[in-house]
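Chains as they are written, first to last, in this note's numbering: chain G, 1 to 81; chain R, 82 to 224.
Note that the Cβ used here is the ideal one computed from N, Cα and C, for glycine as well.
Note that this is a predicted model, so its numbers are computed, not measured.
Here is the structure we will look at, set down as structure tokens.
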Amino acid sequence: MKITVIFFAGAREAVGESDVTVELHENATANDVLDFFSSRFGAMKQIRPYVRVAVNQSYVLNDYALHDGDEVAIIPPVSGG
Amino acid sequence: MVCIQEEKIDVQEILNSVIVPEAGGVDVFIGTTRNHSRGENVLALSYEAYVPMALELLRGIEKELHLRWNVHKVSIVHRIGDVPVTEASVVIAVSADHRAEAFSACRYAIDTLKKDVPIWKKERFENGEVWAENAEAKLAEKK
């Protein structure tokens with residue numbers, strides 16, 4: 001399946017892109033997306049324990065099953081306010 | 082009403098937007114940018130947001146306030162982009178019949194915003210810059 005991954009704040013700087021389209025195996029989960037980028041970017045691996053994942057603009061748990069066309073956002077600890 | 086904007090926030094306008102004849106109390110929270118953090122002088126601050134999701138969560142907070150408290154109107158406005166020190170980065174105004182509800186609802190709104198809404202602040206210092214992290218957000222991630 002093909003999904004779009006978007007990165008914010010420290011995650012964007014870790015990956016050097018604000019959005020990337022990736023091809024993942026069927027049955028892929030949010031965790032697989034984190035694996036994919038953590039294995040390629042050391043800085044992403046460092047912040048991985050602290051990031052949350054949102055799919056189509058809602059927070060999900062890491063075992064959430066993805067679907068073709070999903071928008072997956074990597075959300076570092078927020079600092080609004 | 083919820084809004085994310087790059088323009089300077091007009092606090093009076095937000096306040097006016099929640100005043101209705103039925104309300105006996107209005108509570109306003111104004112978050113302002115501060116000139117120090119981590120024991121260092123902050124030279125500049127800038128905010129970014131995952132705008133569509135942030136708006137969706139802010140609308141959710143607005144709905145929750147109406148469900149949990151007897152509030153009349155709610156306005157939540159967050160600024161993004163560069164925010165000079167002393168200017169408002171966020172303004173939340175809540176009107177209710179009585180002050181207790183306005184205070185509680187407003188406090189819940191800012192606490193929830195700081196924990197969950199995908200907005201980030203970068204602080205620039207004399208020798209470097211760092212993405213700030215809200216204490217509430219770090220707790221949320223450990224669940």
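Threshold first: 3 residues or longer. Then list the beta strand (DSSP E) segments lying entirely within the region 104-138 of chain R, N to C. 106-113 and 125-130
Nearest-angstrom Cα separation, counted from residue 214 of chain R out to residue 91 of chain G: Since the displayed chain G opens at 1 and closes at 81, residue 91 of chain G lies outside it and no answer follows.
Any residues in the region 152-163 of chain R with a beta carbon nearer than 8 Å to a beta carbon of chain G? Which ones, in chain order? Listed in sequence order: 159.
CA-CA distance, residue 190 of chain R and residue 183 of chain R? 11 Å
With a threshold of 8 Å between beta-carbons, can residue 18 of chain G be considered close to chain R, or not? It does not: the Cβ of residue 18 of chain G has no partner Cβ on chain R nearer than 8 Å.
Of the residues that make up the region 124-153 of chain R, which ones have a beta carbon closer than 8 Å to any beta carbon in chain G? 128, 129, 130, 131, 133, 134, 135 and 137
Status (buried if at least 16 other CB within 10 Å, exposed otherwise) for residue 67 of chain G: Exposed is the call here.
Counting pairs of beta carbons, one from the region 151-171 of chain R and one from the region 25-35 of chain G, are three or more of them closer than 8 Å? no
Mind listing the chain A neighbours of residue 197 of chain R? Cutoff is C-beta to C-beta under 8 Å, in chain order. No chain A is present in this structure, whose protein chains are G and R.
Are the CB atoms of residue 96 of chain R and residue 203 of chain R within a distance shorter than 8 Å? no
Decide if residue 160 of chain R is buried, meaning its Cβ has at least 16 other Cβ atoms within 10 Å, or exposed. buried
Does chain G have any CB closer than 8 Å to the CB of residue 92 of chain R? no
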